[in-house]
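Chains as they are written, first to last, in the working numbering: chain X, 9 to 759; chain F, 526 to 652.
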């Protein structure tokens, strides 16, 4: 008896009586020990004996009550187990068919036949040995062929089934009626070895192919394996370990040193250093304290802390990443189109070619024409390998996207992966992408004049801080924070108004306050001519300067009262990231709303030559389009929130991941590792993947284009070269394996 | 020319013609998914995977979520995965088990789906 506890979603429940009905139905099902149905989660938790009861039985019982129990898809482990079992069976078939095939070959192959014991020469014994290979090991070819024929479709199995059946039936005929064949002037010689060994070799090819294919989806398996199983939840003051899917939003979870953080949340108490490398690819542990966000499946290193669950189930970052990678691996690359078209006509065309081969050889071939015709027809059927064409692109895409995910580079789909390598220009948004987006106040300058009545620098800070308190701009945050640090008390503001790309204005007390850039000053006809030199000096240092102007009373002229300069720090990886792109011959452009001088100063530090400054947020998209109009493929790197339209307009939108939200929608590529060097890595990964795909397609096409005619015997009149069906099957097995192995070679690429 | 050669010639040509007609000239039967079947009001269609997809062409309305239930009855490893590339879906189909995928087509047109090796084909027509 094997007791299993599993939970299943139940649909259609809306009251407590539904719970009773479904619970009773489940409990009455033979083999069920216990069943608990939860109305809130619409889930049934069932404990049952898996020897006598299956989820299907449960579904049937529930169906009778008028509700529906959703059979959850098999877990990854079950699927793995099933695949393993299939591989095992396949291996046995390979061993048996190649073993029997070898014995037949020993007893029938010219040359070898002299070394074998006489009883092996018996046609009847050979028939006996070949039959299980044909109908047991080869059964899967028939099982795939017969239903396919009913649908008037054909596939590779059809070709193998046709080819080996012809060889087998002819051989059986020779065994039963050797005289008939002899009378036709043909030596009575069966070809059981061909049938058996071809089946053996093709199955061997499948075995290796299946093993290799399993490795292409390793990345996803690794991600799924990261998921924590249980969480230690504090409920009613008590700590209990519960299953991960029972955690609800708001639960308080305790994590001790060395433990895995079960799901996403926000730290309530305590602090620790957390290793997030498995999710973000960032190898240095991150220090986190109260209020910081933690990501599920990451590893707590040193401290103990409690945190509140904020995301559960399919909303967690890990679940989103898994979904994204799964989607990308299921998507289709444009380069695949040709292979798609070819593969839909391929098998019927090969069958037609086989008939043609038979006819031509029979009519024009040398004696015994029938044998030549038959063996070459079989060779044509066996050597054709549409699988290699079908596997060429998807296996490489799976490996490529998987490698990306392991390094914190999430690629949305195959198309993005294909285009990324063709990018010639990369546009970086400045604030928050190249810089940390956490600017700090560096200078506060007071301007002496009679009317402003500003007594000291703190007054400037007080006014600037007050007016910016309501703003959401990152610069505003810096000023308010600085005012706080300087212990400046802020006033309340009325008639606050933010003017995008300009600044803010509002009333502090009875004074009208303007705070912003040149554009704002120009708009209000405020003269700042006397300060231009100072401003430019600050800007050349890469600082962003904002001007504060005051209007004492209605009707009076507004006057400049002070300057506040703010500087943002450049991200550690920015310089290297830019340099890596430039080394590849890719043009790097910086785009910013900042003024030209500040932008130039920062660009210079980063080694960027082309700067698009003073671009309003809504103009960024147009700037990207202008660059595209130069005939280049353009990638835009931004934060994914403010830059969404520009990201969407670019050929490739690259978003820097923030927090636990994966900015999937707008971006083609999301860098959750927040490392700017990954932009170059992503482009390189794309190039490598595309090279692999092209090589795969080249092999797959060439293989068929060259070897099918060879199997037909076109070389025979000139060089006397014919392809034995046994060699054909070996070549065909090799071709699929080589394509998959070539895709796996991508794994050796180090990011 | 000997009689046997004439027979073989006719046989070969006839087989070529038959193969062409049999595989490449078949008519598609389109199954239109129109009625909500699911308790949640979603459109639903069952596709049996056995030597191909039955039905192999379905038509579904634009903008609505449709559940496509695949049940694989064919042990051939060729069919073990179904790929709806345009909808970014690649699913492993365990033998004899219903696997549901949900699609919400945003665009009209014909979208093909296929097995993992791109040997068997089906089509989703969005109207």
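We treat Cβ as the ideally placed atom computed from N, Cα and C, and that holds for glycine.
Three-state secondary structure (DSSP) at residue i?
i, result
"residue 437/X", "strand"
"residue 17/X", "strand"
"residue 89/X", "helix"
"residue 403/X", "helix"
"residue 698/X", "helix"
"residue 668/X", "Low confidence applies to residue 668/X: its pLDDT is 47, below 50, so where it sits in the model is not reliable, and the reading given next is rough at best. Residue 668/X: coil per DSSP, three-state reduction."
"residue 629/F", "coil"
"residue 443/X", "strand"
"residue 151/X", "helix"
"residue 603/F", "helix"
"residue 375/X", "coil"
"residue 102/X", "helix"
Distance cutoff 8 Å, beta carbons only. Does residue i sit that close to anything in chain F?
i, result
"residue 160/X", "yes"
"residue 668/X", "For residue 668/X, the pLDDT reaches just 47, beneath the cut-off of 50, and the residue's location in the model is therefore unreliable, leaving the point undetermined."
"residue 226/X", "no"
"residue 219/X", "no"
"residue 366/X", "yes"
"residue 151/X", "yes"
"residue 436/X", "no"
"residue 352/X", "yes"
"residue 163/X", "yes"
"residue 56/X", "no"
Nearest-angstrom Cα distance between residue i and residue j?
i, j, result
"residue 422/X", "residue 337/X", "7 Å"
"residue 511/X", "residue 436/X", "23 Å"
"residue 668/X", "residue 325/X", "Because residue 668/X carries a pLDDT of 47, less than 50, the predicted location of this residue cannot be relied on, and the following value inherits that uncertainty. Roughly 6 Å separates the two Cα atoms."
"residue 482/X", "residue 445/X", "7 Å"
"residue 583/F", "residue 595/F", "13 Å"
"residue 273/X", "residue 514/X", "38 Å"
"residue 708/X", "residue 310/X", "53 Å"
"residue 631/X", "residue 410/X", "33 Å"
"residue 642/F", "residue 618/X", "46 Å"
"residue 255/X", "residue 318/X", "10 Å"
"residue 541/F", "residue 363/X", "6 Å"
"residue 536/F", "residue 328/X", "58 Å"
"residue 608/X", "residue 548/X", "8 Å"
"residue 579/X", "residue 443/X", "5 Å"
"residue 492/X", "residue 651/X", "30 Å"
"residue 207/X", "residue 145/X", "8 Å"
"residue 250/X", "residue 308/X", "19 Å"
"residue 675/X", "residue 349/X", "30 Å"
"residue 745/X", "residue 219/X", "10 Å"
"residue 441/X", "residue 645/X", "7 Å"
"residue 15/X", "residue 53/X", "4 Å"
"residue 577/F", "residue 645/F", "6 Å"
Of all the CB atoms in chain X, is at least one closer than 8 Å to the CB of residue i?
i, result
"residue 643/F", "yes"
"residue 623/F", "yes"
"residue 591/F", "no"
"residue 619/F", "yes"
"residue 614/F", "yes"
"residue 549/F", "yes"
"residue 575/F", "yes"
To the nearest whole angstrom, what separates the beta carbons of residue i and residue j, a pair I think is in contact under 8 Å?
i, j, result
"residue 569/X", "residue 551/X", "Actually they are not in contact, since the Cβ atoms of residue 569/X and residue 551/X sit about 19 Å apart, beyond 8 Å."
"residue 509/X", "residue 601/X", "6 Å"
"residue 664/X", "residue 682/X", "6 Å"
"residue 468/X", "residue 452/X", "5 Å"
"residue 499/X", "residue 517/X", "7 Å"
"residue 43/X", "residue 72/X", "With 8 Å as the limit, residue 43/X and residue 72/X do not qualify as a contact, their Cβ atoms being about 15 Å apart."
Quiz item: Using 8 Å as the Cβ pair cut-off and three pairs as the minimum, do the stretch 230-247 of chain X and the stretch 112-130 of chain X touch?
Solution: no
Quiz item: How about the stretch 367-387 of chain X and the stretch 544-560 of chain F: do they share at least three Cβ pairs that are nearer than 8 Å?
Solution: no
Quiz item: Are the stretch 632-641 of chain F and the stretch 358-374 of chain X in contact at 8 Å, needing three or more beta carbon pairs?
Solution: Contact fails between the stretch 632-641 of chain F and the stretch 358-374 of chain X, because fewer than three Cβ pairs, one in each stretch, are under 8 Å apart.
Practice problem: Please confirm if the stretch 394-406 of chain X is in contact with the stretch 582-592 of chain X, defined as three or more CB-CB distances below 8 Å between the two stretches. | Solution: no
Quiz item: Looking at C-beta atoms only, is the number of pairs between the stretch 86-100 of chain X and the stretch 109-121 of chain X that lie closer than 8 Å three or more?
Solution: no
Quiz item: For the stretch 209-229 of chain X against the stretch 732-747 of chain X, are there 3 or more C-beta pairs whose distance is under 8 Å?
Solution: yes
Exercise. Indicate whether the contact test is met: 3 or more Cβ pairs, each with one atom in the stretch 275-284 of chain X and one in the stretch 293-306 of chain X, closer than 8 Å.
Key: yes
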